[in-house]
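Per this note's numbering, the very first residue in the sequence shown carries number 214; after that it's consecutive. Positions of the beta carbon are idealized from the N, C-alpha and C atoms, including for glycine. For clarity, every value in this text was computed on a predicted model and none was experimentally measured.
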Amino acid sequence: MMRAVIDTNVLLVANEQHADVSEACVEECIKRLQAMERTGITVIDDGFRILSEYQHKTSLTPPKGVGDVFLKWLLRQAGNTARVEQVSLTELEENEFVEFPDAALQPVFDAPDRKFAAVAHAHPNKPPIWQAADCKWLD
C-alpha cells in the first residue's frame, strides 16, 4: 500500500495556488492526492502540526481545489488508522525536533518544513515525503 508524508505545497500546487509550476506538475499533484484518497495511507504528526499548516494555507469552506478536497477527506479520516497513521514528535523548541533525521543539518533546513522530515524519520517505515515546487528546504 502507498504511504507518504505530504508537504503542504503538494496541496497548493493541486489547487493551482502556485504560479511557478508546470501544468504537468499540477496534474501529477492532483493524480497523487486522488490516489492517496482512494487507497493510500497519509502519515502525519499526532500534534496536528501538519494538519494545522494545511488548514492555514487552503480553503475548506467551500473547498475550491483538489488540495482542499484532499484536506477535507484527511480531516474526516484522521482517526482511521487504516488510512492515516500518526507519529509523535518531540519538539525541543519551535520547529526543532528530536526525530529530525540529522541534527547537524537541522539548523540549515527550512524551519517550517522540518516537521515533514521528522515525521517521515519517526515512522517505522520511513515513508517518502511528497513535495512539489519547494526549493527552500536547504539554503
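Asked, Found
"According to DSSP, is R216 helix, strand or coil?", "strand"
"Going by C-alpha to C-alpha distance, which of H269, F329 and T294 sits closest to V311?", "F329"
"Closer than 7 Å by C-beta to A277: which residues in its own chain qualify, once you throw out the five before and the five after it? Chain order, please.", "Note on residue identity: the sequence assigns Lys, not Ala, to residue 277. Contacts found: N228."
"Taking the alpha carbon of V297 as the reference point, which residue from I263, C238, D315 and A316 has its own alpha carbon closest?", "I263"
"Which first and last residues belong to the beta strand (DSSP E) in which D258 is found?", "I254 to D258"
"For a test of the three-state rule: what should DSSP assign to Q299, helix, strand or coil?", "strand"
"Is it the case that the Cβ atoms of T303 and K270 are separated by a distance below 8 Å?", "no"
"With a threshold of 6 Å on Cβ separation, who are the neighbours of Q299 within its own chain once the five nearest residues in sequence on each side are excluded?", "I257 and D259"
"P320 by DSSP, collapsed to three states: which one?", "helix"
"In the DSSP assignment, find the unbroken alpha helix (DSSP H) run with E312 in it and report its ends.", "That residue, E312, is in no alpha helix (DSSP H); it is neither H nor E in DSSP."
"By the three-class DSSP mapping on this structure, what secondary structure does P276 have?", "strand"
"Using CA atoms only, rank isn't needed, just tell me which of C238, W286, S235 and L273 is closest to I254.", "W286"
"Taking the alpha-carbon positions, what's the P337 to M215 distance?", "14 Å"
"Identify, in the order they occur along the chain, each residue of the same chain with its Cβ nearer than 7 Å to the Cβ of V226, setting aside the five sequence neighbours on each side.", "V234, C238, V239, C242, A345 and A346"
"At what residues does the alpha helix (DSSP H) containing E266 begin and finish?", "R262 to K270"
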